[in-house]
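K.L.:
Shown below is the structure under consideration.
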Amino acid sequence: MTIYFEVALISGKRARLSAELDTSVDKLRKKAQKLLCAGRGCLLSSSGGILGGGMSVSQAGLQKGDI
1 MTIYFEVALI SGKRARLSAE LDTSVDKLRK KAQKLLCAGR GCLLSSSGGI LGGGMSVSQA
61 GLQKGDI
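For the sequence shown, full-length UniProt numbering gives the first residue as 1, with consecutive numbering after it.
Take a look at the structure:
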């Protein structure tokens, strides 16, 4: 199942991403970096928690529309 996310930088720049539930958070992060032309960083959940790169989108508890 494909779900969609919006990734936002502190600068306000945003990108919309899609991923399967078994996609790793690290792969999602790299995709966001490429789309936003950003350096290495970490992804945070909508509640502000750091998302570990080794877990899947499903394991991280990400849901459709999370920013």
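Cβ coordinates follow ideal geometry from the N, Cα and C atoms, glycine included.
It should be emphasised that the depicted structure is a prediction, and the values quoted were computed from it without experimental measurement.
So, at 8 Å on beta carbons, what are the nonlocal neighbours of SER18 in its own chain, with the 5 sequence-adjacent residues on each side left out?
P.N.:
The answer, listed in chain order, is THR2, ILE3, TYR4, PHE5.
K.L.:
Could you give the DSSP three-state label for VAL25: helix, strand or coil?
P.N.:
DSSP places VAL25 in helix when its eight states are reduced to three.
K.L.:
Between which two residues does the beta strand (DSSP E) holding ILE10 run?
P.N.:
Unbroken run through ILE10: none, as it is neither H nor E.
K.L.:
Measure the CB-CB distance between VAL7 and VAL57 and report whether it falls below 9 Å.
P.N.:
No. Outside cutoff.
K.L.:
Tell me the rounded alpha-carbon separation between ASP22 and ARG40.
P.N.:
Spanning the two alpha carbons is a distance of roughly 22 Å.
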